[in-house]
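Contents: one structure, followed by commentary.
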Amino acid sequence: MTMSGRGLNSSRWLDAIWEPNARIHNVPNGMDMLDLTGDGDTKLIILDLGSSTLKDIKLRILNGANQIAEYTMVDIPSSIIGFHTENNNNKSAVLAVGSCSSILIFKNLKPHFKFCLPLIPAHPKELNIWYKTNMDAELNIFTLKDDLKILLKEIGAASISSRTLKFLSLKTEIRQNFVEQYRKLSLFKVNVITSMSTIRKDAWTEIAFSYLVVGTEGGEILILDHRGFLIVEKYIIGWPPVAVTSSGLWAGDGQIALTGRDGQIGVIERGKTLKTWEKLSAPAVAMTILSSQGVAVVTMNSSFFAFSKQGRKLWKVQLPGNPLDMVSLPLPQNGLFLLAISIAGFGVRIYDQRHHIDTIKALESVASLKYGRLGQEEHTMAMITFGGGLNIKILKRTADFRICPYFNNNFNSLNNIKFTIPKKTTLSIEQTIREKSETTHIHRTFQQGFLRLRLNISSKVQNILIVEQQFQLLPLALQCSILGFGPQYKIKIYVTCLLERYLPNKFFLVCRNANILVKPRVITLPFIAVGFHLPAIITLVIKNRIPNRIQILVCYKGQLKPLNIITITLPITEDQIE
Amino acid sequence: MMGLFDHLANFVGLRKKQVNVLVVGLNNSGKSTVINHFKNQNERCTDIIPTIGFSVEKFAFKNIGFTAFDMSGQDRYRSLWEHYYKGCHGIIFIVDSNDKLRIVVVKEELDMLLQHPEIAGQKLPILFLANKIDLPNSLTTINLVTCLGLDKIQNKPWHIQATNAITGDGLQTAIEWLTDQIRDIHINRR
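Top line first, the protein sequences correspond to chains Y and V.
By the working numbering, the letter at position 290 of the first sequence is numbered 290, and the numbering carries on one by one without gaps.
By the working numbering, the letter at position 52 of the second sequence is numbered 1052, and the numbering carries on one by one without gaps.
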């Protein structure tokens, strides 16, 4: 059992790589672990935003700590995700980078395909304004500007095409040229990718193709085909989904959970419209799947929620600080499904359900997390800190999360107590009917039982009172006298019966003292007639010259407590005369 | 020719001494490939697949018959290793010197092996093979000694050898060392 002992003492994680100067600036969803070349060696793909000014954005592919490839990105990517496009025969995964209005597909470490989101037709009012401008023989910049400004106030910048926004931001003298150049072209709005995920189509095997799930600024969820990248399905949501996670198989019971900027959280199932579960008190920071049960969400007001697959809120836990990212840690060999939450100033905390069971301490706050297979290792956690450091930890084979006191069966069983609410079974209905018809009978039975109970209690009380009364006054009188000079004494006790009848033979006297030889220690009293004085003689031998006391206890057979205690102080032994 | 000598040896009565060796290491470090190389030319298999559980291989060297327990290195089978510690005469620990990420895992597994009650008190020869030395960026044997803390091993003879299990480079000297050690410790003592 040395192994588990070791696991207890030290951390559950091994430090594989810690490069504080990797200078990677990453965001949640900007990291993935993929076997891009199909050689069984999983690489780490990181989206490096360069700096906060978003210049020099790169896609970096690392093998352990060594960089093996790098691609410069033109637009600002929002998320990266890897998936398989084939079933079983091809191990190499495909990388999708969502960037502005297009998805870049990389295959075998090479750019492969670019998918562009379809353009959205502009708002009808906006279309109308531009149409009128087109019709007018003479171009009036000022009326156009005024009309568009009113429209901007009316519908908001988010619903207006980029052409109008550009026009309004230009200086007055260039506007004329701008309109001349563009008014003949049809007006469209550009859609932007806000979030991406994948969902397996119909197989749970390790290598099986998935559909690409894309959330857009226009408030849609698009399901893209794995081979041709065609839009297979389209769901209108109405608000831009900022985080998307999926569980299950899309051909079966699969569902896509999504959350928006205002904290709305809902779910889409195949062929059904959006089902909104709840509106969270704050916008979500990260969302991930929670085993097969549902989804977990961390929000900007430091709360950690979990929802069941049906949308029931399972728990809400207050986190000690602001959450930065969350990732799920499936550990099927231990039968566990954990969650890792990066919290500003508190490192990365590991939760089992709602219970905090482990902490990965980090020198800096961790900006993004990813857990999965890296290289040849199955249980790897990659972390990128705010300072740009890369930290890779490996979960020990012997790590036992069950050791933690939070995780015991008692606790769980306490939580899982179900209140048994009676259902409308035929039995209960029959009982109700019987209660209604037999009211008086039921009442009478109850009263009988109640009276019987009261009678029982009063007879018990009476019984006790009589017995107690019997010995309330001591039924005998004792008269003691000490004889002798010491060290040997004799005590003569006269016992007198005070009762009207004879004294029962259940009384006895006990002499108690540790330092004195007493003989006899116990005197059983015989029947004593009224007015008769019974002398009882006790011989004492004192061992030392300290003033001694002797206690005589008057006891009654069958009763633990003595009826009376008489204390006799013995005189000091006089010196023996030689 | 070898076969003839073997027959002769058996005929004369020089029976081979039988020893058990345990072959451990992480998955994909080349354990089965190394063992495959020790076998006779005609017994070798051409393609090596990831071992499930373990496999028992037999080969002979310098008049000693080896029974090698080729353990699986996948993490879900690594818990099986300790059941074979008892009764083994030597350990071959194979390290993928190109897998820098998992050097910590190797160290963790090695420490657990060395601290196991069946191993800790025994004088067992341990042969470390720094495999895949041909790959670029692979760690040298000196690097591995410091990374794995081999210099701290007290009561056991150990040896590290850079090898390439595919071509067989370094395997001959490595197995010679192990054979000599086992002969010294287990056979000559009797």
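Idealized CB from N, CA, C, for every residue including glycine.
On a predicted model such as this, the values are computed, not experimentally measured, just so you know.
CB of residue i within 7 Å of CB of residue j, strictly
{"i": "residue 249(Y)", "j": "residue 202(Y)", "result": "yes"}
{"i": "residue 1029(V)", "j": "residue 1051(V)", "result": "no"}
{"i": "residue 267(Y)", "j": "residue 195(Y)", "result": "no"}
{"i": "residue 1054(V)", "j": "residue 1175(V)", "result": "no"}
{"i": "residue 178(Y)", "j": "residue 170(Y)", "result": "yes"}
{"i": "residue 236(Y)", "j": "residue 222(Y)", "result": "no"}
{"i": "residue 106(Y)", "j": "residue 117(Y)", "result": "no"}
{"i": "residue 1178(V)", "j": "residue 1087(V)", "result": "no"}
{"i": "residue 1097(V)", "j": "residue 1130(V)", "result": "yes"}
{"i": "residue 545(Y)", "j": "residue 569(Y)", "result": "no"}
{"i": "residue 264(Y)", "j": "residue 245(Y)", "result": "no"}
{"i": "residue 375(Y)", "j": "residue 1144(V)", "result": "no"}
{"i": "residue 542(Y)", "j": "residue 566(Y)", "result": "no"}
{"i": "residue 344(Y)", "j": "residue 372(Y)", "result": "no"}
{"i": "residue 286(Y)", "j": "residue 300(Y)", "result": "no"}
{"i": "residue 44(Y)", "j": "residue 30(Y)", "result": "no"}
{"i": "residue 189(Y)", "j": "residue 161(Y)", "result": "yes"}
{"i": "residue 369(Y)", "j": "residue 327(Y)", "result": "yes"}
Endpoints, the alpha helix (DSSP H) within which residue i is located
{"i": "residue 428(Y)", "result": "426 to 437"}
{"i": "residue 1037(V)", "result": "1031 to 1038"}
{"i": "residue 131(Y)", "result": "124 to 135"}
{"i": "residue 1078(V)", "result": "Here residue 1078(V) belongs to no alpha helix (DSSP H), and DSSP marks it neither H nor E."}
{"i": "residue 149(Y)", "result": "141 to 155"}
Three-state secondary structure (DSSP) of residue i
{"i": "residue 316(Y)", "result": "strand"}
{"i": "residue 44(Y)", "result": "strand"}
{"i": "residue 449(Y)", "result": "helix"}
{"i": "residue 556(Y)", "result": "strand"}
{"i": "residue 247(Y)", "result": "strand"}
{"i": "residue 7(Y)", "result": "Confidence in residue 7(Y) is poor, its pLDDT being 38 and thus under 50, which makes the residue's placement unreliable; the coordinate value appears in the next sentence. Residue 7(Y): helix per DSSP, three-state reduction."}
{"i": "residue 227(Y)", "result": "coil"}
{"i": "residue 239(Y)", "result": "coil"}
{"i": "residue 204(Y)", "result": "coil"}
{"i": "residue 1084(V)", "result": "helix"}
{"i": "residue 1183(V)", "result": "helix"}
{"i": "residue 73(Y)", "result": "coil"}
{"i": "residue 1012(V)", "result": "With a pLDDT of only 49 at residue 1012(V), under the threshold of 50, the placement of this residue in the model should not be trusted, and no figure is reported."}
{"i": "residue 479(Y)", "result": "strand"}
{"i": "residue 393(Y)", "result": "strand"}
{"i": "residue 217(Y)", "result": "coil"}
{"i": "residue 614(Y)", "result": "There is no way to answer for residue 614(Y), as the model of chain Y reaches only from 1 to 578."}
{"i": "residue 307(Y)", "result": "strand"}
{"i": "residue 190(Y)", "result": "coil"}
{"i": "residue 1(Y)", "result": "No answer about residue 1(Y) holds up, because its pLDDT of 32 lies below 50 and its placement is not dependable."}
{"i": "residue 579(Y)", "result": "The question about residue 579(Y) has no answer, for chain Y in this structure spans 1 to 578."}
{"i": "residue 1043(V)", "result": "helix"}
{"i": "residue 1116(V)", "result": "coil"}
{"i": "residue 1055(V)", "result": "strand"}
Residue i: contacting residues in chain Y (beta-carbon distance under 9 Å)
{"i": "residue 1101(V)", "result": "16, 17, 63, 64, 65, 374, 375, 376, 377, 380, 392, 394"}
{"i": "residue 1024(V)", "result": "Near residue 1024(V) there are no residues of chain Y at all, since even the closest Cβ is about 13 Å away, more than 9 Å."}
Under 8 Å by beta carbon: chain Y residues contacting residue i
{"i": "residue 1155(V)", "result": "Here the premise fails: no neighbours, minimum Cβ distance about 17 Å."}
{"i": "residue 1028(V)", "result": "40, 376"}
{"i": "residue 1118(V)", "result": "The premise fails here: residue 1118(V) is roughly 11 Å from chain Y at the closest Cβ pair, so nothing lies under 8 Å."}
{"i": "residue 1137(V)", "result": "66"}
Closer than 9 Å at the beta carbon, the chain V residues around residue i
{"i": "residue 333(Y)", "result": "1075, 1076"}
Proximal chain V residues relative to residue i, where beta-carbon distance stays under 7 Å
{"i": "residue 397(Y)", "result": "1075, 1078"}
Span of the beta strand (DSSP E) around residue i
{"i": "residue 1070(V)", "result": "1064 to 1071"}
{"i": "residue 1151(V)", "result": "Segment: none, residue 1151(V) is in no beta strand (DSSP E) and carries neither H nor E."}
{"i": "residue 114(Y)", "result": "110 to 116"}
Within chain Y, the residues that residue i reaches when beta carbons sit closer than 7 Å
{"i": "residue 1108(V)", "result": "14, 396"}
{"i": "residue 1105(V)", "result": "14, 377, 394"}
beta-carbon residue i near the ligand NAP non-hydrogen atom, thresh 6 Å
{"i": "residue 1163(V)", "result": "As presented, the structure is devoid of all ligands, the ligand NAP included, so that no description of it is given."}
| message | Whether or not the region 150 to 159 of chain Y and the region 135 to 142 of chain Y are in contact is what I'm after, with contact meaning three or more pairs of Cβ atoms, one per stretch, closer than 8 Å; do they touch? | response | Pairwise C-beta distances place the region 135 to 142 of chain Y out of contact with the region 150 to 159 of chain Y, as fewer than three of them are shorter than 8 Å.
| field | Touching by the beta-carbon criterion (3+ pairs, under 8 Å), the region 38 to 55 of chain Y and the region 430 to 440 of chain Y | value | Here the region 38 to 55 of chain Y does not lie against the region 430 to 440 of chain Y, with fewer than 3 beta-carbon pairs under 8 Å apart.
| request: For the region 495 to 512 of chain Y and the region 529 to 548 of chain Y, state whether three or more C-beta atom pairs, one from each stretch, are separated by less than 8 Å. | output: Short answer: they touch.
| Using 8 Å as the Cβ pair cut-off and three pairs as the minimum, do the region 213 to 228 of chain Y and the region 123 to 135 of chain Y touch? | Fewer than three beta-carbon pairs drawn from the region 213 to 228 of chain Y and the region 123 to 135 of chain Y are found closer than 8 Å, and the two stretches are therefore not classed as touching.
| message | Pairs of beta-carbons, one from the region 444 to 461 of chain Y and one from the region 503 to 521 of chain Y, closer than 8 Å: are there three or more? | response | Contact fails between the region 444 to 461 of chain Y and the region 503 to 521 of chain Y, because fewer than three Cβ pairs, one in each stretch, are under 8 Å apart.
| Are the region 360 to 374 of chain Y and the region 1033 to 1045 of chain V touching by the rule of at least three beta carbon pairs closer than 8 Å? | No: the two stretches stay apart, fewer than three of their Cβ pairs being nearer than 8 Å.
| said: Count Cβ pairs between the region 1102 to 1110 of chain V and the region 390 to 399 of chain Y that sit closer than 8 Å; are there 3 or more? | reply: A contact between stretches requires three or more CB pairs, one per stretch, nearer than 8 Å, and the region 1102 to 1110 of chain V meets this requirement with the region 390 to 399 of chain Y.
| field | Cβ pair count under 8 Å reaching 3, the region 77 to 96 of chain Y against the region 119 to 129 of chain Y | value | By the criterion of at least three beta-carbon pairs nearer than 8 Å, the region 77 to 96 of chain Y is not in contact with the region 119 to 129 of chain Y.
| query | So, do the region 309 to 316 of chain Y and the region 18 to 34 of chain Y have three or more beta carbon pairs nearer to each other than 8 Å? | reply | Under the 8 Å Cβ criterion, the region 309 to 316 of chain Y does not count as touching the region 18 to 34 of chain Y, having fewer than three qualifying pairs.
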